[in-house]
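Asks:
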Ligand code: CAA
């Protein structure tokens, strides 16, 4: 059985699904390696323009595998390959939509935060419970969560370890959209299809700018955006998009 499944339904969309139901999709070495392999493959697959990252209908992921690391040493944690896996996800250049049903805890919440859009079911629950097992988040929880929801909401989640509902997560800016539990995957897929049909160079540039710009002073980020904006005029899709608008027809984008 493979812990991470890839589906290619066509139209430029890929689906990456975590498949470890016996442990609530806990992120052990096999899941982490599977995710890294999947995203590395999809990065170089020119047919793929947007990815849906999903767990099961019951759980997105319940965090790092506690049983696998309970007796680990710092050296073992350093050498376990997790850093490499997270880096592959972090550096993935195409838009990723997380489809979250059920628990999204610890490394699971951090995994969702690696996505660019998060669609959550009404019953989804997000949290960083690491403190309850004597550790702290290790895959961006203290940083991405704080950037997403601000200091005071983040501190409450991180310091208490208590989970929040999808609606609370949406209200504080951690979730893009909340839908009925049974509609999560279809909604994520529909959005992925919309994005995959749009100019892919522009989509990748938007992702790059939003992420890189967040760490820069505003003037530097605006300058970076300006350079990228000018570069768009060297793409075939820019010419096609604008000509199609003027000629009152549907554009045919080629990703060039
Ligand atoms: N690691 C290993 N196994 C896990 C797991 C995890 N994170 N989460 C769940 N499981 C296993 C359980 O041990 C159990 O296995 P057994 O049947 O063999 O006992 C199985 O999955 C089902 O779990 P529960 O019986 O606990 O299911 P539940 O419905 O009663 O509770 C839950 C669900 C609230 C998610 C609960 O399982 C839970 O609290 N899990 C741990 C969550 C957590 O602390 N995550 C943070 C991990 S640390 C981390 O992620 C570090 C980081 O930043 C990278």
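In this note's numbering, the protein residues as written are 785 to 1040.
Cβ coordinates follow ideal geometry from the N, Cα and C atoms, glycine included.
Between which two residues does the alpha helix (DSSP H) containing residue 1010 stretch?
Replies: Locating residue 1010 in the chain shown gives position 226, counting from the first residue. Looking at the DSSP string, the run of the alpha helix (DSSP H) that includes residue 1010 is 1002-1015.
Asks: State the DSSP-derived secondary structure class of residue 879, mapped to helix, strand or coil.
Replies: For the purposes of this step, residue 879 is taken as the residue at position 95 of the chain shown. It is coil, neither helix nor strand.
Asks: Quick check on DSSP: helix, strand or coil for residue 886?
Replies: Taking the first residue of the chain shown as position 1, residue 886 is located at position 102. Residue 886 falls in the coil class under three-state DSSP.
Asks: Quick check: the Cα distance between residue 912 and residue 853, rounded to an integer number of angstroms?
Replies: For the purposes of this step, residue 912 is taken as residue 128 along the chain shown, with counting starting at 1. For the purposes of this step, residue 853 is taken as residue 69 along the chain shown, with counting starting at 1. Computed Cα separation, rounded: 17 Å.
Asks: Pair every Cβ in the region 833-846 with every Cβ in the region 873-886, then say whether three or more of these pairs are closer than 8 Å.
Replies: Yes, the region 833-846 touches the region 873-886.
Asks: Would you decide whether residue 978 is buried or exposed? Buried here means 16 or more other CB atoms lie within 10 Å of its CB.
Replies: Residue mapping note: residue 978 aligns to position 194 of the chain shown, counting from 1. Counting Cβ neighbours within 10 Å, residue 978 comes out exposed, since fewer than 16 surround it.
Asks: What do you reckon, are the CB atoms on residue 845 and residue 802 nearer than 7 Å?
Replies: By one-based count along the chain shown, residue 845 stands at place 61. By one-based count along the chain shown, residue 802 stands at place 18. Result yes, Cβ atoms of residue 845 and residue 802 sit closer than 7 Å.
Asks: Please confirm whether any heavy atom of ligand 1 lies closer than 6 Å to the CB of residue 870.
Replies: To locate residue 870, count along the chain shown from 1; it is residue 86. Checking the Cβ of residue 870 against ligand 1 gives no.
Asks: Return the chain-ordered list of same chain residues with a C-beta closer than 8 Å to the C-beta of residue 987, the five sequence neighbours on each side being excluded.
Replies: Position 203 of the chain shown holds residue 987. Counting only Cβ-Cβ distances below 8 Å, and skipping sequence neighbours, we find 833, 834, 878, 879 and 979.
Asks: Use the C-beta contact count for residue 871: other C-beta atoms within 10 angstroms, 16 or more gives buried, fewer gives exposed.
Replies: Locating residue 871 in the chain shown gives position 87, counting from the first residue. Residue 871 is exposed by the Cβ-count criterion.
Asks: Indicate the three-state DSSP secondary structure (helix, strand or coil) for residue 949 in the structure shown.
Replies: By one-based count along the chain shown, residue 949 stands at place 165. It is a strand residue.
Asks: In whole angstroms, what is the alpha-carbon distance linking residue 924 and residue 1027?
Replies: Indexing the chain shown from 1 puts residue 924 at position 140. Indexing the chain shown from 1 puts residue 1027 at position 243. C-alpha separation (whole angstroms): 43 Å.
Asks: With DSSP as the reference, please indicate the residues paired to residue 729 in a beta bridge.
Replies: Here the chain comprises residues numbered 785 to 1040, so residue 729 is not present and cannot be evaluated.
Asks: Taking only three categories from DSSP, how would you classify residue 811?
Replies: Reading the chain shown from its first residue, position 27 is the one you call residue 811. DSSP places residue 811 in strand when its eight states are reduced to three.
Asks: Please state the DSSP three-state secondary structure of residue 1025.
Replies: Sequence index remark: in the chain shown, residue 1025 carries index 241 (1-based). Note: residue 1025 maps to helix in three-state DSSP.
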